[in-house]
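First residue of the sequence shown: 1, per UniProt numbering; consecutive thereafter.
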Amino acid sequence: HFNLFTFFQIYWSILLKELSLIFRKDPKCILDTTDKSRHGGTWMPGAVLNIAECCLLPTIHPRKQDDSVVITWRDEGYDDASVNHLTLKELRENVMKVANALDTTFSKGDAIAIDMPMTVNAVTIYLAIVLGGFIVVSIADSFAAKEIATRLRVSNAKGIFTQDFIVRGGRKFPLYSRVVEATQCKAIVLPAIGKDLGLQIREHDSSWEDFLSCADNLPRGGSSTGVTTSDEPLVHDPNGEDTVEGRAFGSTDEEIPVAESIVTCKPKRNVGKPEWLTKAKAMVAYALPIVEGDPKAIPWTALSSIRGACESWAHYDIQQEDVYCWPTSLGWVVGPFILYSCFLTGTTLALYHGSPLGRGFGKFVKDAGVTHLGTVPSIVKTWKRTRCMDGLNWTKIKSFVTSGEASNVDDDLWLSSRASYKPIIEICGGTELGSSYIQGIVLQPQAFGALSTPSMTTGFVILDDRGIAYPNNKPCVGEVGLFPLILGATDRLLNADHEEVYFKGMPIYNGMNLRRHGDIIKRTVGGFYEVQGRADDTMNLGGIKTSSVEIERVCDRADENIVETAAISVKPVNGGPEQLVILVVLKEGLRCKPDQLKTKFSRAIQNNLNPLFKVSYVKIVSEFPRTATNKLLRRVLRDQIKREFALPSKL
1 HFNLFTFFQI YWSILLKELS LIFRKDPKCI LDTTDKSRHG GTWMPGAVLN
51 IAECCLLPTI HPRKQDDSVV ITWRDEGYDD ASVNHLTLKE LRENVMKVAN
101 ALDTTFSKGD AIAIDMPMTV NAVTIYLAIV LGGFIVVSIA DSFAAKEIAT
151 RLRVSNAKGI FTQDFIVRGG RKFPLYSRVV EATQCKAIVL PAIGKDLGLQ
201 IREHDSSWED FLSCADNLPR GGSSTGVTTS DEPLVHDPNG EDTVEGRAFG
251 STDEEIPVAE SIVTCKPKRN VGKPEWLTKA KAMVAYALPI VEGDPKAIPW
301 TALSSIRGAC ESWAHYDIQQ EDVYCWPTSL GWVVGPFILY SCFLTGTTLA
351 LYHGSPLGRG FGKFVKDAGV THLGTVPSIV KTWKRTRCMD GLNWTKIKSF
401 VTSGEASNVD DDLWLSSRAS YKPIIEICGG TELGSSYIQG IVLQPQAFGA
451 LSTPSMTTGF VILDDRGIAY PNNKPCVGEV GLFPLILGAT DRLLNADHEE
501 VYFKGMPIYN GMNLRRHGDI IKRTVGGFYE VQGRADDTMN LGGIKTSSVE
551 IERVCDRADE NIVETAAISV KPVNGGPEQL VILVVLKEGL RCKPDQLKTK
601 FSRAIQNNLN PLFKVSYVKI VSEFPRTATN KLLRRVLRDQ IKREFALPSK
651 L
């Protein structure tokens, strides 16, 4: 116990100096565990900072100067044009103008949503909301109107930034119309192309140009800012001292708890000597529900931002002069993760305004000099199948980073070969953790499709069916139980009981109440880890528990015509043991007979996994249902197959 606390103190003290953090009041300690009701402890009590300020101000270490390039980007369709650059000073001025415009439109503590692609403007808006004393509500731009409405309702958002359209591959897809269908709250609408909107907006909404004009007569700022603290902080602790223990939502009168270290003061304008905000609101992110219903509304804090940046520094070795690119959305955990990873380490953020599936994106990676490239396995699979990246020089890449779903070993080998066989770092985590709990690291040998170590300062055990931890050096498969002391992890939810969701029913290990995450993990003989899917994706075949991911890895390689497979188990309508069903997506234009695939799958599974496993049914489909973050919805597939099985039974 003493050694663990000593390690936390030493490690985080070092890391805080490696990031461009500017504390207005230093933390009293790194971790306080005196309050036994808080399983995860209280991290950095008494600390005061504005995390957006930390992103925007010059620092000596890491070296960030006003003329440092902090964002590089290109618009789709301009693949032969020079890459665009934005300096730290330019970004700071843009953020401050938006923050001042926000102050003329909204009130301190308001929740403000962003539902648009991750563009330079989206990043500017995100930082401005945090800097200005508001709460960011992140929404993936792929969501339907109903899902947008749910997130706005749960967060009680007062406004939303969006675009008129989403442009991908030269085609326009509606976005503003979905927002209009979802909500009556004020929308600030940006044009996807050019300076003029491509449609009419509601009377109470504003165009981006009109919104910015609200701040035309306010200080723009340069080395300092016109955004300052107000006379009264949003939240006080019981002793009257300003604290990071924020418990406000919307206004000081609300009782709904929001987050730690997310208390900001309202901007002032037209002041003499500016003072920076002393406290920082963060954001509300969303995760998929554990059961049917609203998604879990997860409050992030400045601690979540710090953790994400620290992991990039420690695991991928990102530094000044590096360029980090990961096609994603601010509505997914990776969006804010990469944003803070870049701006707090002096790394340049690379953004491509368009689809990452074509050669235009690959050329941008080359032209921007990307050194760290983030992906998701389905994107890599598309690159490999279409050969759109052939001939591109990606030799500046030092490492790849991948997350979101299980990787394919063959696809990983192909991806690594694009950059002279650079390592691929796997990440697995969750929105409620603010980052990861297990991943790879450049200091260790890596295996394709596997993870090598718990994330720095996190720990976990693998539990058997009785909830007893396996020995740490034993190969095994089971549900992961996280050690609860995780900097940046949530300790509350806006719309659910945090204790019940993450801790109730979890075993005690070495005096710690383990935290539930829901992943099934396999520890291999070689000491690597493979994520086998979610606990609710496990199946019982003939009395033997296995995971969907494990079966899918085998089936994906059973026939060269296969793009991907999904494995589910379904109980027969009239009872009996679970039946194994494999759904298949084939390469475009190719055909296979389900019975032939069934034979191949059965042979591959019996040879590589267990001779007792038998494939009962194979179905070929055009595509799989996925979440906005590209996670496979096996539950939807399971329900579809159940309905198919039920129909013949009724007949």
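Heads up, the beta-carbon is just placed ideally off N, CA and C, and yes, glycines get one too.
| Item | Value |
| --- | --- |
| Going by C-alpha to C-alpha distance, which of I71, I148 and L487 sits closest to S84? | Note that residue 84 is Asn in the sequence shown, not Ser. Ranking I71, I148 and L487 by Cα distance to N84 puts I71 first. |
| What's the gap between the Cα of S355 and the Cα of K571? | 40 Å |
| Strictly by DSSP, which residues pair up with I114? | S138 and F161 |
| Measuring straight from C-alpha to C-alpha, what distance separates E255 and T183? | Because E255 sits at a pLDDT of 25, beneath the cut-off of 50, its placement in the model cannot be relied upon, and the point is left open. |
| Compute the distance between the beta-carbons of P475 and Q446, then report whether it is under 7 Å. | no |
| Residue 652 lies in the beta strand (DSSP E); which residues open and close that run? | It is not possible to answer for residue 652, since the shown part of the chain is limited to 1 through 651. |
| Taking C-alpha atoms, which residue in V401, I139 and E560 lies nearest to L590? | E560 |
| Helix, strand or coil for V333, going by three-state DSSP, please let me know. | coil |
| Given K363, which residues of its chain have a CB within under 6 Å of its CB, disregarding the five upstream and five downstream residues? | D79 |
| Would the region 9–27 count as touching the region 57–71 if we require 3 or more Cβ pairs under 8 Å? | yes |
| Mind checking whether V461 and A469 have CB atoms under 7 Å apart? | yes |
| Does W12 come out as helix, strand or coil in the three-state DSSP assignment? | helix |
| Quick one: what does DSSP say A280 is sitting in, helix, strand or coil? | With a pLDDT of 36 at A280, under the threshold of 50, the modelled position of this residue cannot be trusted; read the value that follows with caution. A280 falls in the coil class under three-state DSSP. |
| Give me, in chain order, the residues of the same chain whose beta-carbon lies closer than 8 Å to that of T328; leave out the 5 immediate sequence neighbours on both sides. | M118, V334, G335, I338 and G374 |
| Return the first residue and the last residue of the beta strand (DSSP E) that I71 is part of. | V69 to D75 |
| When DSSP labels each residue in this structure, what does D536 get in the three-state scheme? | helix |
| Name the one or two DSSP bridge partners that Y617 has. | V581 |
| Taking the alpha carbon of S407 as the reference point, which residue from K108, V531, D390 and I521 has its own alpha carbon closest? | V531 |
| Below 8 Å on the Cβ atoms is my guess for V154 versus T124; work out the distance and round it to an integer in Å. | Rounded, the Cβ-Cβ distance is 25 Å, inconsistent with contact. |
| Pick out the complete beta strand (DSSP E) segments inside the region 146–196, 3 residues or longer, and give them in chain order. | 159–163, 165–168, 171–174 and 186–190 |
| Within 10 Å of its beta-carbon, does D639 have 16 or more other beta-carbons around it, so buried, or fewer, so exposed? | exposed |
| Which runs of the alpha helix (DSSP H) spanning at least 4 residues fall entirely within the region 469–530, listed in chain order? | 498–502 |
| Please report the residue range of the beta strand (DSSP E) in which residue 715 lies. | Residue 715 lies beyond the range of the chain shown here (1 to 651); nothing can be said about it. |
| Would L152 pass as a contact of I166 if the rule is Cβ separation under 7 Å? | no |
| Identify whether residue 655 lies in helix, strand or coil by the three-state DSSP scheme. | Absent from the structure is residue 655, since the part of the chain shown begins at 1 and ends at 651. |
| Starting from Q439, trace the beta strand (DSSP E) in both directions and tell me its first and last residue. | S435 to Q439 |
| Tell me which same chain residues have a C-beta within less than 7 Å of the C-beta of K631, skipping the five on either side of it? | G404 and E405 |
| Answer yes or no: the CB of Y421 versus the heavy atoms of the ligand NAP, is any distance below 6 Å? | The model on display carries no ligand, and the ligand NAP is accordingly not part of it. |
| Where does the unbroken beta strand (DSSP E) through C214 begin, and where does it stop? | Taken as a continuous stretch (DSSP letters only), C214 belongs to no beta strand (DSSP E), as it is neither H nor E. |
| Along the chain, where does the beta strand (DSSP E) containing F400 start, and where does it finish? | S399 to T402 |
| Using the Cβ count rule (16 or more neighbours within 10 Å means buried), how would you classify Y324? | buried |
| How close, in whole Å, do the beta carbons of F624 and C555 come, if the pair is a contact with beta carbons under 8 Å? | Not really, about 13 Å apart at Cβ, beyond 8 Å. |
| May I have the straight-line CA-CA distance separating L494 from I112, to the nearest angstrom? | 15 Å |
| Counting only the same chain and skipping the five closest in sequence on each side, list residues whose C-beta sits under 6 Å from that of residue 655. | For the chain, the structure presents residues 1 to 651; residue 655 sits outside this window and is missing. |
| If you compare alpha carbons, which of L15, K25 and I30 is closest to T6? | I30 |
| Along the chain, where does the alpha helix (DSSP H) that runs through A406 open and close? | Counting along the chain, A406 falls outside any alpha helix (DSSP H), and DSSP gives it neither H nor E. |
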